[in-house]
Amino acid sequence: MALGEKRNTSLFAPNAGVREAPEPTSPSAAVSAPAPVIIDDTPARTLATESPGTGRAHNLFFTPSDDGRDFSCVLREVQEYISAEYSTLVSQGGPEAKEQIKRYIAKFLQDKRLAVTGMNAAELTDALYSEMAEFGFLTKFIYSDGIEEININSWRDIEVQYSDGRSEKLAERFDSPEHALSVIRRMLHASGMVLDNASPIVTGHLTRNTRIAAMKTPIVDEDVGVAASIRIVNRHSLRREDFIRSGTATHEMLDVLTVFLRYGISICVAGATSSGKTTVAGWLLTTIPDSKRIFTIENGSRELELVREQDGKVVNSVVHTLTRDSENERQRVDQIDLVDICLRFNPDILVVGEMRGAEANAAQEAARVGVAVLTTIHSNSCEATYRRMVSLC
């Protein structure tokens, strides 16, 4: 397939050229009444068989049909089998469906005597499932604690930034430019975005706290495949002591900011990329009394979690909103639209996740009518922040 063409990443797409692995022909493999095969759901996912009449499981020793095949070849064969036999189960999702699909994969590998050099049966099963239903080797980094950002410079150049400031080049890489593009498209599918020739630059989200920005050819070179930044917002709320200990602010600074926001004075948190602007703004909002009504506007993905519950009941007043991007102008909802509707909800505090364009003017107009505005902006200094806001308005 030529790079840049839209690739069908569905499990239901036909895979031509897949060869069947030969059935075992050794005398020991032929039995008149084969024992029922079961799967032992232990972490090691040991394949076991139950001997008739004994009720006792023993390890199932099986030898691959050869010394090991290429992973991509095995993946194509397993994809074709799962898509043909269990397509409904694949579409269901959820933890139960995940475990069932893994069982079917393990059983298929056993029956066809398929193996990949350097991987045992459990590792191969997990890897195949991840490639088919998740995001390959990126999955463990996306859902791990302590990861702040994953930067994909090309299909073979991926680096991870940790929350403590460390940066590490990954030994893992995609199999090809097309493979990288397929995985990124699968991620963007969660937010309804399509990365193709018509839209070679796309932003979207994977979950509430994971944002994705991606580019493909012709914006990047053909041998790059895809370039992407996967930003993972800190899942853990920082405390007042954390800001003081890290030198971000003093007791007095935090006290003043808290009083300002609580009594209706607007605040703009400025800083460079990844400097913690949203983290500071999120902490300030945790100091707001439950009686205050908060209306939040975020672009594309959720970063703020402000709803408070006690004994299963919501005790504060929060409305969270998200923009919606669309090529259809009637379906598009931008930050300006949400600022306008916000005023009809009579909020005490309006939170604009980030000022990046014309919404800056709408936000300052809201502040003029008595609504306290809390927002963030990219800027190098306090003085530069004013000039930046004026230029956006």
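Residue numbers for the sequence shown follow the working numbering, so the first one is 1 and each next one is one higher.
Note that beta-carbon positions come from the ideal geometry of N, C-alpha and C, so glycine has one too.
These numbers come from a predicted model, not from an experiment.
Which residues bound the alpha helix (DSSP H) around residue i?
i, result
"Thr375", "Element bounds for Thr375: not the alpha helix (DSSP H) but the beta strand (DSSP E), Ala372 to His378."
"Tyr263", "Tyr263 -> no alpha helix (DSSP H), and no H or E assigned at all."
"Ser182", "Pro177 to Leu188"
"Val203", "According to the sequence displayed, residue 203 carries Thr and not Val. No alpha helix (DSSP H) holds Thr203; the beta strand (DSSP E) holding it covers Ile201 to Thr207."
"Glu77", "Phe71 to Glu85"
"Thr279", "Lys277 to Thr286"
"Ala249", "Looking at the DSSP string, Ala249 is not in any alpha helix (DSSP H), and its letter there is neither H nor E."
"Leu109", "Pro95 to Lys112"
"Asp145", "Per DSSP, Asp145 belongs to no alpha helix (DSSP H) and is neither H nor E."
"Cys382", "Cys382 to Leu392"
"Met132", "Ala121 to Ala133"
Which partner residues of residue i appear in the DSSP bridge assignment?
i, result
"Asn151", "Glu159 and Ser229"
"Val352", "Ile297 and Thr375"
"Val269", "Thr376"
"Ile212", "Gly204 and Ile230"
"Glu168", "Val160"
Do the CB positions of residue i and residue j come within less than 8 Å of each other?
i, j, result
"Ile294", "Val314", "no"
"Leu75", "Leu128", "yes"
"Thr248", "Gly276", "yes"
"His205", "Ala190", "yes"
"Thr88", "Leu109", "no"
"Ile201", "Met132", "no"
"Ala287", "Thr250", "The sequence shown places Thr at residue 287, not Ala. Their beta carbons are not under 8 Å apart, which means Thr287 does not touch Thr250 by this criterion."
"Ala360", "Asp340", "no"
"Pro335", "Asn299", "Before going further, note that residue 335 is Gln rather than Pro in the sequence given. Yes, these two residues count as a Cβ contact at 8 Å."
"Arg356", "Ser301", "no"
"Asn153", "Glu303", "no"
Skipping 5 residues on each side, what residues in its chain have a beta carbon closer than 7 Å to that of residue i?
i, result
"Thr385", "Cys268, Ala270, Ile377 and Ser379"
"Phe62", "For Phe62, the pLDDT reaches just 45, beneath the cut-off of 50, and the residue's location in the model is therefore unreliable, although a value from the coordinates is still provided. The answer, listed in chain order, is Gln110 and Arg113."
"Gln364", "Cys393"
"Leu170", "Ile158, Glu159 and Val160"
"Met193", "Val202 and Gly204"
"Tyr86", "Ile101 and Tyr104"
Less than 6 Å between C-beta atoms, sequence neighbours within five positions excluded: which residues of the same chain meet that for residue i?
i, result
"Trp155", "Phe174, Pro177, Ala180 and Gly225"
"Val351", "Thr296 and Leu374"
"Glu149", "Gln161 and Arg231"
"Thr321", "Ile297 and Leu338"
"Asn151", "Glu159 and Ser229"
"Arg308", "Val315 and Asn316"
"Ser326", "Arg332"
If I measure Cβ to Cβ from residue i and keep anything under 8 Å in the same chain, skipping five residues before and after, which residues do I get?
i, result
"Tyr143", "none"
"Gly343", "Here residue 343 is Leu; the residue named in the question, Gly, does not match the sequence. So the qualifying residues of the chain are Ala366, Val369 and Val371."
"Phe135", "Ile142, Val183, Arg186 and Met187"
"Glu329", "none"
"Lys394", "Look at the range of the chain in this structure, 1 to 393, and you will see that residue 394 is not part of it."
"Ile349", "Leu261, Leu285, Ile288, Lys292, Arg293, Ile294, Phe295, Val371, Ala372, Val373 and Leu374"
* Asked: In chain order, which beta strand (DSSP E) runs of at least 3 residues are fully inside the stretch 310-365?
  -> Counting only runs of 3 or more, we get 317-322 and 349-352.
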